[in-house]
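Visitor: Residue numbers for the sequence shown follow the working numbering, so the first one is 1 and each next one is one higher. Questions regarding the structure given below will be posed in turn.
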Amino acid sequence: MSARAKVVLRVWIALLALLAATTALAFAPLGSATLFVSLAIAAAKALLVLMIFMELKASSGLVRAFAAAGFFWLAILFALTMADYSHRRDVPAPIDPPAQASIRG
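Okay, here's the thing in structure tokens:
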């Protein structure tokens, strides 16, 4: 087995272990820490895919810059979504009273 195949096999096993951790986390009662732990696991999976399968480690600076720009744009979208979500209120919208039907006859 070549060295590249061994690296791919190790990364695949690591991704499966992180998948198992994500699944186990769904059943763990961690409260508000669940979000942060699941985001850390997702970041680790993304980092493995980026570095090994997309070969950013051996890519030119331009390719890395465009990958970073994509993540920068993703961060902007997350920030705007969280800003919208944090400023919403759970107040139902007022409903207009039914219009009085005028009976003329």
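Glycine included, C-beta positions come from ideal geometry on N, C-alpha and C.
Between the stretch 9–29 and the stretch 62–70, can you find at least three pairs of beta-carbon atoms closer than 8 Å?
Guide: No: fewer than three Cβ pairs fall under 8 Å.
Visitor: Cα-Cα, which of 2, 25, 11 is closest to residue 45?
Guide: Ranking the options by Cα distance to residue 45, first place goes to 11.
Visitor: Going by beta carbon distance, what residues of the same chain come within less than 7 Å of residue 48, once the five residues before and after it are set aside?
Guide: Excluding sequence neighbours, residue 48 sits near 11, 14, 15.
Visitor: Along the chain, which unbroken stretches of the beta strand (DSSP E) at least 3 residues long are found entirely within the stretch 23–92?
Guide: For the stretch 23–92, not a single whole beta strand (DSSP E) run of length 3 or above is found.
Visitor: Measure the alpha-carbon distance for residue 88 versus residue 81 and round it to whole angstroms.
Guide: Using only the alpha carbons, I get a separation of about 11 Å.
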